[in-house]
Amino acid sequence: MDTNGNTYTILYSAVMVVVVAILLAVAATQLKPFQDANILIEKKQNILRSVNIVADAKQATELFNQTIKELIIVNSKGEKVEGDAFKVDLKVEHSKPVDQRKLPVYIAAMGDKGKVYIIPLRGNGLWGPIWGYVALSSDMNTIYGANFDHSGETPGLGAEINTEKFQKPFIGKTIFDKAGLFTSIVIAKIGEKADPSNSVDAISGGTITSKALQKMLYDDLSTYQEFFKTLKK
Amino acid sequence: MGEKEGIFSKKNLKLLTNPLSNANPITVLVLGICSALAVTAQLKPAVVMSLSVTIVTAFSNLIISFIRNTIPNRIRIIVQLVVVAALVILVDQVLKAFVYDVSKQLSVFVGLIITNCILMGRLEAFALGNKPWPSFLDGIGNGAGYGLVLVTIAFFRELFGSGSLWGYKIIPQEWYIANGGWYSNNGMMILPPMALIIVGVIIWIQRSKKPELIED
């Protein structure tokens, strides 16, 4: 048989593509449930890390259920909204106007330290999305812990936002100034004038990611201001 | 037809063992260097990467060898690419489903197995002209030869760079300066240039032991 003829070549490639496509489609659908479970577990691990609990994949669900006592959704006026807070997709919410957004809050019970409120964040880094969780102590001002991650920031530079070295300094910072004005957290370059109570050091060489993270903190935390006020009362 | 060859005849065994030393894809053929630099800061990703590459080389060799007489010569590179790409996507999906943390560490490098020169090299040079079983062995051999070097590099980099192996602390904690000792991890080990230096040292040792490998 002539394997170099045009008809043969075209038929051959068509059949090959169909066979491969079917194979991959079957594999992808079969493995999807496992992959989704892993993504959920990772989310739980990240949330736990924002309250300074390091859990491996096996313990994550159990520890999450023990620690996170309440999952609620609020709106920008600080009122509670019905829904499953864990399943809220921030990417979808961010495309809506602020007053229609669902704002999830995960409430953790941290023993003698009382209730801690975890706020999920999402923003745009240099190369792709960045996200994170900021845990606020019950004064709704002091940061109890923070965890950030990214999908493709530059290794060694912007990608450092998911390291402990970058995240630890957030602990103890405040997001309101002494007059009660919302300041969020400033990611300050060395030498930049910033109030040490609400700023942390930026990453050298990762300026765009640092600024993006600062913007993410400001934008997302500011939508919760009314909610913070109702809790402070 | 000649006499039937045994499954593990001397010739076939050579296909397995040759790539481990005299025809090692990394140290002798100098293929697949880029992933060798990228995923060897720790032992675990290096082992998973080696296994993934071995599976892909073995099965792509096997499949291509099976269909070698049907492939239209004009599109043979495309056919090879499709087979390799399909296998790599399968491996990537399986890793994401069952070893999620490792798959995150390997990130793009699993996908980049497609462009690993070892694969296309073996398909072109071996699988297109040999029967399925020897091709399969050749694939395993080359994957293992690649893996051997990767694991060796990762062993030294993790031990001296992070003081651990497979994530377990090996260097006693009291040795560290922070705990009043005298020891400190070598930060250079974690950076990619150190992988290149270790590859260089491995090549050096190998060639000084086997002078026949030295090119003019």
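Same order as they appear, the protein sequences are chains A and B.
With our numbering, the residue at position 52 of the first sequence is 52, and numbering never jumps.
With our numbering, the residue at position 49 of the second sequence is 49, and numbering never jumps.
By construction, the Cβ of each residue, glycine as well, lies at the ideal position given by its N, Cα and C atoms.
What you are looking at is a predicted structure, and each value in this text was computed from that prediction instead of being measured.
Other residues of its chain near residue i: CB distance less than 6 Å, five sequence neighbours each side excluded
i, result
"residue 176 of chain B", "183"
"residue 38 of chain B", "109"
"residue 78 of chain A", "226, 227 and 230"
"residue 128 of chain B", "68"
"residue 174 of chain A", "141, 142, 197 and 198"
"residue 210 of chain A", "187, 202 and 203"
"residue 166 of chain A", "160"
Paired residues, beta bridge with residue i - DSSP
i, result
"residue 121 of chain A", "A:132"
"residue 164 of chain B", "B:169"
"residue 201 of chain A", "A:188"
"residue 115 of chain A", "A:109"
"residue 182 of chain A", "A:176"
"residue 87 of chain A", "In DSSP, residue 87 of chain A forms no bridge with anything."
"residue 146 of chain B", "Bridge partners of residue 146 of chain B: none, in fact."
"residue 176 of chain B", "B:183"
Burial state of residue i (16 or more Cβ within 10 Å)
i, result
"residue 98 of chain B", "exposed"
"residue 125 of chain A", "buried"
"residue 168 of chain B", "exposed"
"residue 8 of chain B", "exposed"
"residue 54 of chain B", "buried"
"residue 25 of chain B", "buried"
"residue 145 of chain B", "buried"
"residue 67 of chain A", "buried"
"residue 87 of chain B", "buried"
"residue 193 of chain B", "exposed"
"residue 158 of chain B", "buried"
"residue 44 of chain A", "buried"
"residue 220 of chain A", "buried"
"residue 11 of chain A", "exposed"
"residue 172 of chain A", "exposed"
"residue 27 of chain B", "buried"
"residue 191 of chain A", "exposed"
"residue 95 of chain A", "exposed"
Boundaries of the alpha helix (DSSP H) in which residue i is found, first to last residue
i, result
"residue 226 of chain A", "225–232"
"residue 28 of chain B", "Taken as a continuous stretch (DSSP letters only), residue 28 of chain B belongs to no alpha helix (DSSP H), as it is neither H nor E."
"residue 192 of chain B", "192–209"
"residue 41 of chain B", "Per DSSP, residue 41 of chain B belongs to no alpha helix (DSSP H) and is neither H nor E."
"residue 212 of chain A", "207–222"
"residue 89 of chain B", "76–98"
"residue 17 of chain B", "10–17"
"residue 126 of chain B", "Per DSSP, residue 126 of chain B belongs to no alpha helix (DSSP H) and is neither H nor E."
"residue 164 of chain A", "164–167"
Residue interval of the beta strand (DSSP E) (run including residue i)
i, result
"residue 149 of chain A", "143–150"
"residue 104 of chain A", "103–109"
"residue 74 of chain A", "68–74"
Three-state class that DSSP yields for residue i in the structure shown
i, result
"residue 2 of chain B", "Reliability fails at residue 2 of chain B, whose pLDDT of 43 lies under 50, so the model's placement of it is uncertain and no value is given."
"residue 44 of chain A", "helix"
"residue 174 of chain A", "strand"
"residue 81 of chain A", "strand"
"residue 213 of chain B", "helix"
"residue 4 of chain A", "coil"
"residue 104 of chain B", "helix"
"residue 118 of chain B", "helix"
"residue 65 of chain A", "helix"
"residue 154 of chain A", "coil"
"residue 20 of chain B", "helix"
"residue 133 of chain B", "helix"
"residue 19 of chain A", "helix"
"residue 73 of chain B", "helix"
"residue 49 of chain A", "helix"
"residue 140 of chain A", "coil"
"residue 51 of chain B", "helix"
Cβ-heavy atom distance, residue i to the ligand GDP, below 7 Å
i, result
"residue 128 of chain A", "Although the ligand GDP was asked about, the structure shown includes no ligands whatsoever."
Sequence-distant residues of the same chain with beta carbon closer than 8 Å to residue i, five excluded per side
i, result
"residue 170 of chain A", "134, 143, 145, 146, 185 and 200"
"residue 95 of chain B", "48, 52, 102, 103, 106 and 110"
"residue 130 of chain A", "122, 123, 124, 148, 149, 150, 151, 153, 161, 209, 212, 213 and 216"
"residue 39 of chain A", "none"
"residue 179 of chain B", "173"
"residue 76 of chain B", "128"
"residue 187 of chain B", "161"
Cβ shell of residue i (< 7 Å), same chain only, five flanking positions each side left out
i, result
"residue 58 of chain B", "136, 139, 140 and 143"
"residue 93 of chain A", "101 and 102"
"residue 53 of chain A", "63 and 67"
"residue 163 of chain B", "169, 170, 171 and 185"
"residue 122 of chain B", "57, 61, 138, 139 and 142"
"residue 15 of chain B", "134, 137, 138 and 141"
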